[in-house]
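A quick write-up on the structure given underneath.
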Amino acid sequence: MIRNLDLVRKILLEIESESGGFSSKSLELEGFSKDEIEYHLTIMLEAGLIQGASHNRSGHYYPLIIPSRLTWAGHDFLDACRDEGRWKEAKEIFIKAGGVTFDVAKEVLVRLMLSGISQYLSGGVPGG
Numbered sequence: 000m001i002r003n004l005d006l007v008r009k010i011l012l013e014i015e016s017e018s019g020g021f022s023s024k025s026l027e028l029e030g031f032s033k034d035e036i037e038y039h040l041t042i043m044l045e046a047g048l049i050q051g052a053s054h055n056r057s058g059h060y061y062p063l064i065i066p067s068r069l070t071w072a073g074h075d076f077l078d079a080c081r082d083e084g085r086w087k088e089a090k091e092i093f094i095k096a097g098g099v100t101f102d103v104a105k106e107v108l109v110r111l112m113l114s115g116i117s118q119y120l121s122g123g124v125p126g127g
């Protein structure tokens with residue numbers, strides 16, 4: 000299965016907004032299958048973006064992931080990609096580059112964020 004950074008972003012936003020907790024069985028995101036969501040929760044747990052419990056299930060390829068919260072790294076990535084305009088601009092860069100690793104994606108997002116901050120500090124309008 001291919002890693003989808005749009006789905007990673009949506010899952011992080013969902014976990015951040017959900018105070019009561021949920022499992023991969025109950026998480027539904029429009030346009031994504033249960034397998035895609037479960038796979039991404041699994042690799043996000045492995046990558047340290049989220050904390051949670053992982054339970055193997057008979058008859059299922061992916062474990063049941065019960066995310067409890069975002070980690071510091073998960074919050075950092077979400078803060079870098081939260082702004083819709085910045086996310087769109089970064090995705091255009093990713094496409095032109097022919098794809099990027101997670102670390103490169105985060106670096107691009109941070110550089111775009113810092114560029115916006117620099118514009119703001121110099122009296123300009125970020126993104127304008």
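Numbering (numbering that gives the first Met the number 0), first residue to last: 0 to 127.
Don't be surprised by glycine CBs; every beta carbon is placed ideally from N, CA and C.
Please read these numbers as outputs of a predicted model, since none were measured by experiment.
DSSP three-state label for residue 46, please.
Correct three-state label for residue 46: helix.
Over what stretch of residues does the alpha helix (DSSP H) that includes residue 28 continue unbroken?
First-last for residue 28: undefined, no H or E at that position.
Based on DSSP bridge pairs, tell me the residues matched to residue 51.
DSSP lists 66 as partners of residue 51.
Would you call residue 0 buried or exposed, if buried means 16 or more other Cβ atoms sit within 10 Å of its Cβ?
Residue 0 comes out exposed.
Helix, strand or coil: how does DSSP classify residue 100 here?
DSSP places residue 100 in coil when its eight states are reduced to three.
Expressed to the nearest angstrom, what Euclidean distance is found between the alpha-carbon atoms of residue 40 and residue 10?
Those two C-alpha atoms are separated by around 8 Å.
Taking the CB atoms as reference points, tell me whether residue 107 and residue 99 lie closer together than 8 Å.
Yes.
Thinking just about the alpha-carbon of each residue, which of 79, 67, 59, 53 is nearest to the one in residue 16?
The residue with the shortest Cα to Cα distance from residue 16 is 67.
What number of angstroms, rounded off, separates the C-alpha of residue 71 from the C-alpha of residue 7?
Roughly 15 Å between the two C-alpha positions.
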